[in-house]
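Asker: With the numbering used here applied, the sequence shown covers 9 to 309.
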Amino acid sequence: MKIVVGTRGSKLAVTQTNWVIDRLKEKNPSVEFEVKIIKTKGDIIQHVSLDKIGDKGLFVKEIEQQLLDGGIDMAVHSMKDMPSSLPEGLKFASIPKREDPRDVLILKEGYSSLEDLPKGATIGTGSKRRKYQLLNHRPDLNIVPIRGNVDTRIRKIVDENLDGVVLAASGILRVGLEEKISYYLPTDIVVPAPAQGALAIEIRKNEPKIDEVINSLKDEITEIQVAAERGFLDGVNGSCHIPMGAYCEVDGEKIKITGLYGDEEGKALVIKSIDGSVHAPRELGIELAKLILKEYDGHER
């Protein structure tokens, strides 16, 4: 059996894909894998901020088309890049264990935490979610937009004379740059993006053999967290134009989900948590979305 795996060409995307393939080979030694690199709109347009060139799906549409056309058999994505609904004929296979979901600061020499930064320090991020939560905690910061892959963003600290940049811990850890991390941002200061740190393995429906191969990687806690966080995403109908985040913690039979939602200018930010059962994570995410939207509408008036 041979499985052709589609991925974007960035260092992180290829590293993630190889990680999945290595785990799958351990469990399924008789299966052969081939990697196919596919360029997406998000990769081609590098000089414009993400919220200006479109919505979620910027890094996946071309890959999904190849899945539908039979050019590849499975695709590996970052789950946080995935739109809330998939094209007809495609589905998520089992989800492997999540990497650290937090955001991190990579700071220039001499600084080691958020509190260390001098008044008016300049921090780079392309994300409104990160920007407005940091400003909520430190209104004096000067937040500037940056784009590019992990290495490019880290280089900008020197090239553009920044005091630091914010990135997802998972990307840094996966590409082996852990020593660059200055500070892990606690989830009560910066709520992560829904499903940050989790991988999405996308396949065609009605492919039981491929489904079975991937099922060997299934991590139940990650699946509960992703169901809750993506439930919240669906409930608020989130896009990359607005600050929006969700994080689910699992404790035995109980879960707690924290959600964040705000306007494009970051003037009205609502953060709220609710508890529920591990048996209905998606429903809890949707319920939290309703509570937060109701409170947000009150702010707007």
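From the three backbone atoms N, C-alpha and C, an ideal C-beta is built for every residue, glycine too.
All values reported here derive from a predicted model rather than from experimental measurement.
1) When you compare only the Cα positions, how much space is there between Gln233 and Glu261?
2) Checking 8 Å against the spacing of the C-beta atoms, do Ala83 and Leu76 come in under that value?
3) Buried or exposed: Ser88, going by 16 or more other Cβ atoms within 10 Å of its Cβ?
4) Could you say which of Asn36, Gly284 and Ile45 lies nearest to Gly17 if we only look at CA atoms?
5) Terminal residues of the continuous alpha helix (DSSP H) containing Val158?
6) Can you grab the Cα-Cα spacing for the pair Asp271 / Lys105, in whole Å?
7) Quick one: measure Cβ to Cβ for Val183 and Lys298, integer angstroms, because I've assumed they're closer than 8 Å.
8) Going residue by residue through the segment 188-276, where are the continuous alpha helix (DSSP H) segments of at least 4 residues, counting only ones entirely within it?
9) Identify whether Thr133 lies in helix, strand or coil by the three-state DSSP scheme.
10) Considering Ala21, what are the terminal residues of the alpha helix (DSSP H) in which it resides?
11) Near Leu113, which residues of its chain fall below 7 Å by C-beta distance, leaving aside the five closest residues on each side in sequence?
12) Note the first and the last residue of the continuous beta strand (DSSP E) segment covering Glu42.
13) Ends of the alpha helix (DSSP H) at Lys69?
14) Could you work out which residue in Ile165, Ala101 and Ile229 is closest to Lys217 when comparing CA atoms only?
15) My guess is that Val244 and Ile263 are in contact by the Cβ rule of under 8 Å, so how many angstroms apart are they, rounded?
16) Please report the Cβ distance between Ile165 and Lys116, rounded to the nearest whole angstrom; I am assuming they are in contact, meaning their Cβ atoms lie under 8 Å.
17) I'd like to check one pair, Gln141 with Ile197: are the Cβ atoms closer than 8 Å?
18) So Glu186 packs on Gly239, CB below 8 Å; how close in whole Å?
19) Measuring CA to CA, which of Glu231, Lys213, Ala177 and Leu268 is closest to Gly97?
20) List the DSSP bridge partners of Asp111.
21) Using 8 Å as the threshold, is the segment 153-167 in touch with the segment 122-141, meaning 3 or more CB pairs across them?
22) Straight-line CA distance for Leu125 to Leu296?
23) Looking only at its chain, what residues have a beta carbon closer than 8 Å to the beta carbon of Val13, apart from the 5 residues adjacent to it on each side?
Answerer: Straight from the coordinates:
1) The residue labelled residue 233 in the question sits at position 225 within the sequence shown. The residue labelled residue 261 in the question sits at position 253 within the sequence shown. Distance between the alpha carbons of Gln233 and Glu261: 13 Å.
2) For the purposes of this step, residue 83 is taken as residue 75 along the sequence shown, with counting starting at 1. For the purposes of this step, residue 76 is taken as residue 68 along the sequence shown, with counting starting at 1. No, the pair does not count as a contact, with Cβ atoms beyond the cut-off.
3) Taking the first residue of the sequence shown as position 1, residue 88 is located at position 80. It should be pointed out that residue 88 corresponds to Lys in this sequence rather than to Ser. Buried, because 16 or more other Cβ atoms sit within 10 Å of the Cβ of Lys88.
4) Sequence index remark: in the sequence shown, residue 17 carries index 9 (1-based). Ranking Asn36, Gly284 and Ile45 by Cα distance to Gly17 puts Ile45 first.
5) Position 150 of the sequence shown, counted from the first residue, corresponds to residue 158. That run of the alpha helix (DSSP H) goes Val158 to Asp167.
6) Position 263 of the sequence shown holds residue 271. Position 97 of the sequence shown holds residue 105. If I take the Cα positions, the gap works out to 32 Å.
7) By 1-based counting over the sequence shown, the position of residue 183 is 175. By 1-based counting over the sequence shown, the position of residue 298 is 290. With a Cβ gap of about 38 Å, Val183 and Lys298 do not count as contacting.
8) 216-223 and 228-244
9) By 1-based counting over the sequence shown, the position of residue 133 is 125. Reduced to three states, the DSSP call for Thr133 is coil.
10) Here residue 21 refers to the residue found at position 13 of the sequence shown. Element bounds for Ala21: Lys19 to Lys35.
11) Here the question's residue 113 lines up with position 105 in the sequence shown. If we look at Leu113 and ignore the five residues flanking it on each side, its Cβ neighbours are Leu122, Gly172, Val174, Ser190, Tyr191 and Leu193.
12) Position 34 of the sequence shown holds residue 42. Glu40 to Ile45 is the span of the beta strand (DSSP E), which, as asked, contains Glu42.
13) By 1-based counting over the sequence shown, the position of residue 69 is 61. Where Lys69 is concerned, the enclosing alpha helix (DSSP H) stretches over Lys69 to Asp77.
14) Locating residue 217 in the sequence shown gives position 209, where the first residue counts as 1. If we check each option's Cα against that of Lys217, Ala101 comes out closest.
15) Your numbering for residue 244 matches position 236 in the sequence shown. Your numbering for residue 263 matches position 255 in the sequence shown. Not a contact, Cβ separation roughly 18 Å.
16) The residue you call residue 165 lines up with position 157 of the sequence shown. The residue you call residue 116 lines up with position 108 of the sequence shown. Contact holds; Cβ gap of about 5 Å.
17) By 1-based counting over the sequence shown, the position of residue 197 is 189. By 1-based counting over the sequence shown, the position of residue 141 is 133. Yes, the Cβ-Cβ distance between Ile197 and Gln141 is below 8 Å.
18) Taking the first residue of the sequence shown as 1, we reach residue 186 at position 178. Taking the first residue of the sequence shown as 1, we reach residue 239 at position 231. Actually they are not in contact, since the Cβ atoms of Glu186 and Gly239 sit about 31 Å apart, beyond 8 Å.
19) Taking the first residue of the sequence shown as position 1, residue 97 is located at position 89. When each option's Cα is compared against that of Gly97, the closest is Lys213.
20) For this step, residue 111 is matched to residue 103 along the sequence shown. Ala176, per the DSSP bridge assignment.
21) yes
22) As a working note, residue 125 is residue 117 in the sequence shown. As a working note, residue 296 is residue 288 in the sequence shown. Between Leu125 and Leu296, the C-alpha separation is close to 34 Å.
23) Residue 13 sits at position 5 when you count from the first residue of the sequence shown. So the qualifying residues of the chain are Thr25, Val28, Ile29, Phe41, Glu42, Val43, Lys44, Ile80, Asp81, Met82, Ala83 and Val84.
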